[in-house]
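Trainee: Sharing a structure, written as structure tokens. Questions coming.
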DNA sequence: TTATTTAGTGCAACCGTTTGCCTTATTAAG
DNA sequence: CTTAATAAGGCAAACGGTTGCACTAAATAA
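Residue numbers (my numbering), protein chains in the order written: chain A, -17 to 322; chain B, -17 to 322.
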């Protein structure tokens, strides 16, 4: 009916139409107790009649609160991260927040830029998972200084305050290795991730300790640190296969590298799991579907995302930093690649 | 040094410190040609000294532009969507926009709510992929009325103006079916998606027409429309396996249902592809990795996301609706599940 | 010398809501 | 019948930047 496309319908338009003040309109729409029911309903009706929709930009400015949560993650296209983001989104939305996604693509510089623009956006809080390259976290100082809570999950830094949602990487790696040993492997190898990154350090540590505990030697070149990209995986596989003492049990630090290895091993004349057993840290739906199915240490991505968001929202609303370490349980999924 | 956590450092603080006006500061920071280089650099220096960071909320309000793009998608956890979102994010960010992600979880009501809050957020544009349930698109009218461009990809509606990025579902289905026929299948079945949703209609149509063209009959119950959830897939497989004339070639309307079917078929005494061939519409990395690898019609998720974002940004900046249909090529990936 | 341009800056309104405080009318209490 | 309390609503100043217009002084043209 009326010109709804004339640009913006504001509370002033409603006020004018009703012969009342803008503050009354604002209070009515916010259901303030200082306004009579009668006025409130007149306002509501006029609001729909004029096609009014709250302008959150203006609202944010005057309230100094955006109800926006920034999410910085390495990337979206792994099951773990997309689940985590799903969880974050779900909890955030339930609590009245929207999320702004930023992918660092595992690039430190990008991560820094993103922190900057998220601060400029005046997000009420941030949930972050550090890139593999990240070794320093000064780019988060803006948030800390301005009391904007930062929750971290998975790849976290304890140099920054705020809630941390993690799994016990050491334990996961330890148990995975233990499992391979229990399956009869004696020449264990680990394809590790970049060692500047804590989670990968811990996984390597767990691997080493499990060997030590079992009294098994770590053979030369059986622990390879890498970037876990496709080339690294291929090279590592080739290297191992060329070894005189080739591994008979392989633990990979990521799901994708495990999947790829299992695929590559077909090119060699080895039986899985009889000649060579596999287990990966991180589980993808695919792990279950391939032949042989790939054993894994499963991290609860959805839960971790939810928890990070929940603790973040708590911190935002209680105006604290929400400090605390929240350990989520990992699960050892034994499948055919290692069960013998 | 100075109290950086005193709340906000504004352009007024810079102005005061320098004894100049706020407008000069604003213009300096925006590198206006009307300000002398000397003043600009004094301003910049003072800005870093005071730890000033632009407040985008205030900026958005006064410019009536948020540089935010809303993204409405069914979910994040399929390769296709996470790739699409990656593409959207990348292009958006390059063009100076941030993205706000909303997952409808294939729920129409949620989709409507999201449109509302995105409008309230005053996003400069929206890229959307409709939920499976969506049959009406009135919830997008707010945007159209207020001249906020809406780009759609994959599951689109031509009832709304704006750029559409799609693949030719009919052709993809047709070619997939044709391929099964060429592989010698004669009793073809199609696990279709919800038929209120255009893309699934088109896929079913392509399937039917390919049969017709080849002079093959569509046997009773060989075309099942479903929701493509796990239960539907299991039921369909059971149904087909119980048929006297069981299919010898199956085309599934989604990647996940194809993957699941291929997994389920192991419980029966049939050889793939000899007794039963498979191909899915939509490709996951997993399709390549499983045994046998699963043939697929591949949709270029990343490209579609990039294209949608690009056309959206163009529309935003040229202040047009950006109408147009952009067809992205599909690719037939023949793998072991169907090659014989 | 006077008129005109131009570079550089300031003033103040505006973007749309929110909110502390003030005013008025009404009601309850004394 | 006065006084105090309460209810309902208005005023105006924020929130932090942006921008059209006005203004000054220096430079150029006539």
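Cβ atoms here follow ideal geometry from the backbone N, Cα and C, with glycine treated the same way. A quick note: this is a predicted structure, and the numbers were derived from the prediction, not measured.
So for residue 280(A), helix, strand or coil by DSSP?
Mentor: strand
Trainee: Would you say residue 26(B) faces chain A, with C-beta separation under 9 Å as the test?
Mentor: no
Trainee: For the candidate residues 319(A), 284(A) and 295(A), whose alpha-carbon lies nearest to that of residue 310(A)?
Mentor: 284(A)
Trainee: For the structure I just gave you, are there three or more beta carbon pairs, one from the region 145 to 162 of chain B and one from the region 89 to 99 of chain B, closer than 8 Å?
Mentor: no
Trainee: Please list the segments of the beta strand (DSSP E) lying wholly inside the region 162 to 237 of chain A, counting only runs of 3 or more residues, in order along the chain.
Mentor: 170 to 174, 205 to 207 and 231 to 234
Trainee: Entirely within the region 26 to 85 of chain A and at least 4 residues each: give me those alpha helix (DSSP H) ranges in chain order.
Mentor: 38 to 45 and 61 to 76
Trainee: Between residue 69(A) and the rest of its own chain, which residues show a CB-CB distance below 6 Å, the 5 nearest in sequence each way excluded?
Mentor: 284, 287 and 288
Trainee: Looking at the unbroken alpha helix (DSSP H) that takes in residue 7(B), where does it start and where does it end?
Mentor: 4 to 11
Trainee: Which residues of the region 112 to 135 of chain A have a Cβ closer than 8 Å to any Cβ of chain B? Give them in chain order.
Mentor: Of all residues in the region 112 to 135 of chain A, only 124, 127, 128 and 129 place a beta-carbon less than 8 Å from a beta-carbon of chain B.
Trainee: Tell me, to the nearest whole angstrom, how far the beta carbon of residue 240(B) is from that of residue 262(B); I am working on the premise that it is less than 8 Å.
Mentor: 3 Å
Trainee: For residue 312(B), would you say it is in contact with chain A, using Cβ-to-Cβ distances shorter than 9 Å as the test?
Mentor: no
Trainee: Cβ of residue 54(A) within 9 Å of Cβ of residue 110(A)?
Mentor: yes
Trainee: Could you give the first and the last residue of the continuous alpha helix (DSSP H) run that contains residue 122(A)?
Mentor: Where residue 122(A) is concerned, there is no enclosing alpha helix (DSSP H), given that its DSSP letter is neither H nor E.
Trainee: Classify residue -9(A) as helix, strand or coil using the three-state DSSP reduction.
Mentor: Coil at residue -9(A), not helix or strand.
Trainee: Helix, strand or coil, according to DSSP, for residue 320(B) in the structure here?
Mentor: In the structure shown, residue 320(B) falls within a coil segment according to DSSP collapsed to helix, strand and coil.
Trainee: Counting only Cβ-Cβ distances shorter than 9 Å, please list the residues of the region 62 to 90 of chain A near chain B, keeping chain order.
Mentor: 63, 64, 65, 67, 68, 71, 72, 75, 80, 81, 82, 83, 84, 85 and 87
Trainee: Starting from residue 343(A), find everything on chain B with Cβ-Cβ shorter than 7 Å and list it in chain order.
Mentor: Since the first residue shown for chain A is -17 and the last is 322, residue 343(A) is missing from the structure and cannot be characterised.
Trainee: Select from the region 144 to 172 of chain A all residues with a C-beta closer than 8 Å to any C-beta belonging to chain B, and list them in chain order.
Mentor: Only those residues of the region 144 to 172 of chain A whose C-beta falls short of 8 Å from the nearest C-beta of chain B would be listed, and there are none.
Trainee: When you compare the region 70 to 83 of chain A with the region 100 to 108 of chain A, are there three or more beta-carbon pairs, one atom per stretch, that lie closer than 8 Å?
Mentor: yes
Trainee: Below 8 Å, can you find three or more Cβ-Cβ pairs linking the region -4 to 11 of chain B to the region 297 to 316 of chain A?
Mentor: no
Trainee: Give the secondary structure of residue 149(B) by DSSP, where H, G and I count as helix, E and B as strand, and everything else as coil.
Mentor: If DSSP states are grouped into helix, strand and coil, residue 149(B) belongs with the strands.
Trainee: What does residue 314(A) pair with, by DSSP beta-bridge criteria?
Mentor: 279(A)
Trainee: Which of the three DSSP states is assigned to residue 102(A) in this structure?
Mentor: helix
Trainee: Sort 128(B), 202(B) and 210(B) by Cα distance to residue 224(B) and report the nearest one.
Mentor: 202(B)
Trainee: Please state if the CB of residue 312(A) and the CB of residue 150(A) are separated by a distance shorter than 9 Å.
Mentor: yes
Trainee: Along the region 95 to 113 of chain A, what residues have a CB closer than 7 Å to any CB found in chain B?
Mentor: 99, 101, 102, 103 and 104
Trainee: Can you check whether the CB of residue 234(B) is closer than 9 Å to the CB of residue 193(B)?
Mentor: With contacts defined by Cβ atoms closer than 9 Å, residue 193(B) and residue 234(B) do not form a contacting pair.
Trainee: With distance defined between alpha-carbon atoms, name the residue in 184(A), 227(A) and 198(A) nearest to residue 207(A).
Mentor: 184(A)
Trainee: If you measure from the beta carbon of residue 8(B) to each beta carbon in chain A, is any gap under 9 Å?
Mentor: no
Trainee: Helix, strand or coil for residue 133(A) per DSSP?
Mentor: strand
Trainee: Quick check: the Cα distance between residue 244(A) and residue 260(A), rounded to an integer number of angstroms?
Mentor: Spanning the two alpha carbons is a distance of roughly 7 Å.
Trainee: Determine the direct distance from the alpha carbon of residue 279(A) to that of residue 266(A), and round the result to whole angstroms.
Mentor: 10 Å
Trainee: Given residue 205(B), which residues of its chain have a CB within under 8 Å of its CB, disregarding the five upstream and five downstream residues?
Mentor: 171, 172, 174, 186, 189 and 190
Trainee: For residue 275(B), tell me which candidate among 7(B), 315(B) and 166(B) has the shortest Cα-Cα distance.
Mentor: 315(B)
Trainee: Pull up the distance between the alpha-carbon of residue 7(B) and that of residue 131(A), whole angstroms please.
Mentor: Roughly 30 Å separates the two Cα atoms.
Trainee: Report yes if the C-beta distance between residue 67(A) and residue 32(A) is below 9 Å; otherwise report no.
Mentor: no
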